[in-house]
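All residue numbers for the sequence shown refer to this note's numbering, where the first residue is 25 and numbers rise by one.
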Amino acid sequence: MLRRFYLGLLAIVVVAIVIAISRVEAWVWYNWLFLAILMLDYKKDQREIDWSQFLPKGILLLGIPYLVYKYAPAFWYMVAKWEFHNVHHLWNWNGVFRKIPFNNGAIFRVYHPEWLTAFLRWVYRYGFALALWVAVIRSFLAKDGRKMLRYVLSGHTLQLPLIIPFYMTIMLQEVWYVSGDPDGMARNFTPEQADYYTQNCFPSMHTSISVAVLLLALREKGKLFKWTMVTYCSLIVYSTLYLEIHWVLDVIGGIILGYVTVKLSDLLLGKIWPEAEQVSGKSAPVVLQSKPQTQQMPS
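This is the structure in structure tokens:
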């Protein structure tokens, strides 16, 4: 009875954290549907470990990233505002990037219907965090704390320290702003807001986050999750070009960054949480070897 109460209480905490995660960026019902679909095959990757053993650790691995997710944006915008008013970039790449043939990604906007624009706005709007959170929540249901940490490390945790030096030294703004086109996201910026919010383009962090999640999703056993997530992450990258947010070279830089952070997370996890330490919840059978017989047994 006490164990059921304990597990029920922890389950309530988990549900509360997931709801809190959804409120940070005001998830719409599409987000919840996407989450539900990708949870359908979580048992394909589930570890054989008792919930009572996993839940305390799993809640920490879910709760701490949530707190960072909730409170870090305010810090980030404070840094970005300071950068806007105080940092004198070493290089301004606006003119150079505009002159490079095909770098504006116009080829990705040949087919431009309104329904696709609306859909890709949703993809881009939530893609910066949704793909990562869906992967982390599914790993929680799979009772795999190591995998949760790998997704978290490969995402914003390792990418931000690596990407900030680029943002501090390179002035590069979004394609639509430099080209004088309408904002693909229809954000209705004032001129001052547009000048401020269109900075920090190289490399594309939407791309790097998506590529990191995509590469890790390819390691999963559940085919529904794997290929749906690969498709969604690919659409996030496509949306940055379709909506005139990022330059082609931004995207290439983001692909490289995403690959590098996945490899870095593999190295870090190998040091701080070796795979051998992730017990399955069942003891391996002990095999006793008998001494070799001196007499030949009949065949």
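Where is the CB? At the ideal position from N, CA and C, for every residue including glycine.
Task: Continuous alpha helix (DSSP H) assignments of at least 4 residues falling wholly in the region 92-166 - done: 118-123, 138-165
Open item on the list: In whole angstroms, give me the CA-to-CA distance for Ser163 and Ala241.
Closed with: Position 139 of the sequence shown, counting from 1, holds the residue named residue 163. Position 217 of the sequence shown, counting from 1, holds the residue named residue 241. Looking at the two C-alpha atoms, the distance is approximately 11 Å.
TODO: Could you check the C-alpha separation between His113 and Leu144 for me, to the nearest Å?
DONE: As a first step, residue 113 must be located in the sequence shown, where it is residue number 89. As a first step, residue 144 must be located in the sequence shown, where it is residue number 120. Whole-angstrom Cα-Cα distance: 31 Å.
Task: Minimum C-alpha distance to Thr231 - residue among Asp219, Gly169, Tyr150, Arg170 - done: Your numbering for residue 231 matches position 207 in the sequence shown. Looking at the Cα atoms, Tyr150 is the closest of the given residues.
Open item on the list: Between which residues of its own chain and Met209 is the CB-CB distance below 8 Å, once the five residues before and five after are set aside?
Closed with: Locating residue 209 in the sequence shown gives position 185, counting from the first residue. Around Met209: Arg145, Tyr148, Arg149, Leu267, Ile269.
- [ ] Measure the CB-CB distance between Ile194 and Trp117 and report whether it falls below 8 Å.
- [x] Counting from one through the sequence shown, the residue named residue 194 turns up at place 170. Counting from one through the sequence shown, the residue named residue 117 turns up at place 93. Contact flag set, yes.
Open item on the list: Need the endpoints of the alpha helix (DSSP H) that Cys257 sits in, please.
Closed with: As a first step, residue 257 is located in the sequence shown; it is residue number 233 there, counting from the start. Residues 247-266.
Open item on the list: For Leu156 and Val237, which I take to be in contact (beta-carbon distance under 8 Å), what is that distance rounded to the nearest angstrom?
Closed with: Walking along the sequence shown from the start, residue 156 turns up at place 132. Walking along the sequence shown from the start, residue 237 turns up at place 213. Rounded, the Cβ-Cβ distance is 6 Å, consistent with contact.
Open item on the list: Does Met192 come out as helix, strand or coil in the three-state DSSP assignment?
Closed with: To locate residue 192, count along the sequence shown from 1; it is residue 168. Helix.
Open item on the list: Could you tell me the alpha carbon to alpha carbon distance between Glu123 and Leu248, rounded to whole angstroms?
Closed with: Against the sequence shown, residue 123 aligns to sequence position 99. Against the sequence shown, residue 248 aligns to sequence position 224. Here the sequence assigns Lys to residue 123, which means Glu is not the residue at that position. About 42 Å.
Open item on the list: Quick check on this structure: which residue in Ala50, Leu265, Ile41 has the alpha carbon closest to the alpha carbon of Leu91?
Closed with: Walking along the sequence shown from the start, residue 91 turns up at place 67. When only C-alpha atoms are compared, the closest one is Ile41.
Task: 8 Å contact criterion, which Thr285 and Gln183 should meet: CB distance rounded - done: Position 261 of the sequence shown, counted from the first residue, corresponds to residue 285. Position 159 of the sequence shown, counted from the first residue, corresponds to residue 183. About 5 Å separates the two Cβ atoms, so the contact holds.
TODO: Answer with buried or exposed for Met102, where buried requires no fewer than 16 other C-beta atoms within 10 angstroms of its C-beta.
DONE: Here residue 102 corresponds to residue number 78 of the sequence shown, with the count starting at 1. By the 10 Å Cβ count, Met102 comes out exposed.
Task: Inter-residue CB distance, Phe99 and Leu265 (contact presumed, cutoff 8 Å) - done: The sequence position of residue 99 within the sequence shown is 75, counting from 1. The sequence position of residue 265 within the sequence shown is 241, counting from 1. Going by Cβ atoms, the distance from Phe99 to Leu265 rounds to 29 Å, so no, they are not a contact pair.
TODO: Return the chain-ordered list of same chain residues with a C-beta closer than 6 Å to the C-beta of Lys171, the five sequence neighbours on each side being excluded.
DONE: Start at 1 with the first residue of the sequence shown, and residue 171 comes out as number 147. Around Lys171: Ser163.
TODO: In the DSSP assignment, find the unbroken alpha helix (DSSP H) run with Arg170 in it and report its ends.
DONE: For this step, residue 170 is matched to residue 146 along the sequence shown. Segment 169-176, the alpha helix (DSSP H) holding Arg170.
Task: Same chain, Cβ closer than 7 Å to Val37, neighbours up to 5 away in sequence not counted - done: Mapped onto the sequence shown, residue 37 falls at position 13. Cβ neighbours of Val37 beyond the five flanking positions: Ile83.
Open item on the list: Just to check my reading of the structure: Gln343 and Ala166 have Cβ atoms closer than 8 Å, yes? What is that Cβ distance to the nearest angstrom?
Closed with: The chain is shown from 25 up to 323; residue 343 falls before or after that span and cannot be answered.
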